[in-house]
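Below is one structure, written out as structure tokens; comments come after it.
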Amino acid sequence: ELHNCPEELCNLESFPEGLADYEGNYAFPVWKQDSCQRCSVKDYYNCPEELCNLESGYLTGFDGVPVWNVQYDYCQRCAENELHNCPEELCNLESFPEGLADYEGNYAFPVWKQDSCQRCSVKDYYNCPEELCNLESGYLTGFDGVPVWNVQYDYCQRCAENELHNCPE
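Now the structure itself:
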């Protein structure tokens, strides 16, 4: 019943062992939005802005980077399985040096497209931006076919033997 704690008791001194979130992960008490809440090392939603960074030392131990969502005023995780939370400056191979996996396990990499971080897969080109939709970029190789830009629908597609309908004249 953490929500019953007054602000002066909503701290690690009152809970020296920490707390557990609803999945059993380590969490700690924080005062946010006029109540005592759990800031979990896995689910950052209740964490205040001043702790929403790696430098605070509180939000480590899980994959991803804490980032503050200015529009909705809460902390969220930028990670491979939560790519939509990543801001443009973290949507790159420097942030994900191992690359990503698409939904079938194929290699993919993060790209900024249509105001969000998305997966550009070496098998499914749909999310790949126009500047990478070619063999010369070196990104879309390893599968049969050639990447071609669909001007009418504004996306990248594969021209291949089993996808001839995607091939230009």
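For what it's worth, the numbering used here labels the leading residue of the sequence shown as 40, then goes sequentially. Ideal Cβ placement from N, Cα and C applies to all residues, glycine included. Quick caveat, the model's predicted, so the values are computed rather than measured.
So what does PHE67 bridge to, in DSSP terms?
CYS78
Along the chain, which unbroken stretches of the beta strand (DSSP E) at least 3 residues long are found entirely within the segment 119-194?
146-152, 155-160 and 185-189
From the DSSP secondary-structure annotation, give me the bridge partner or partners of CYS206.
CYS206 is not bridged to any residue.
Cβ-Cβ separation, SER160 to ASN173 (assumed contact under 8 Å), whole Å
At roughly 16 Å, the Cβ-Cβ gap does not stay under 8 Å, so ASN173 and SER160 are not in contact.
Same chain only: Cβ atoms within 6 Å of SER79, ignoring 5 sequence neighbours per side
ASP60, ASN64 and ALA66
Taking 7 Å as the limit between beta carbons, can you name the residues of its chain near ALA199, skipping five residues before and five after?
ASP183 and GLY184
C-alpha distance - TYR202 paired with GLY177, whole-angstrom precision
As written in the sequence, residue 202 is Glu, which differs from the Tyr given in the question. Going by the C-alpha atoms only, they are around 21 Å apart.
By alpha-carbon positions, which one of THR180, GLU56, PHE135 and GLU88 ends up nearest to CYS156?
PHE135
For LEU58, which three-state DSSP category applies?
strand
LEU129 burial status per 10 Å Cβ neighbour count (16 or more: buried)
buried
At what residues does the beta strand (DSSP E) containing ASN108 begin and finish?
104-108
Can you tell me whether GLY103 is buried or exposed? The criterion is at least 16 other CB atoms within 10 Å of its CB, across all chains shown.
buried
Proximity to TYR97 [Cα-Cα], best of ASP82, ASN108, GLN110 and VAL109:
ASP82
Tell me which residues share the same chain as ASN3 and place their Cβ nearer than 7 Å to its Cβ, disregarding the 5 neighbours each side in the sequence.
Beyond the ends of the chain as shown, which are 40 and 208, falls residue 3; an answer cannot be given.
Distance, Cα to Cα, HIS42 vs GLU121?
28 Å
I'd like the list of long-range same chain contacts for CYS44, defined as Cβ closer than 8 Å, with 5 residues on each side in sequence excluded.
SER53, PRO68 and CYS75
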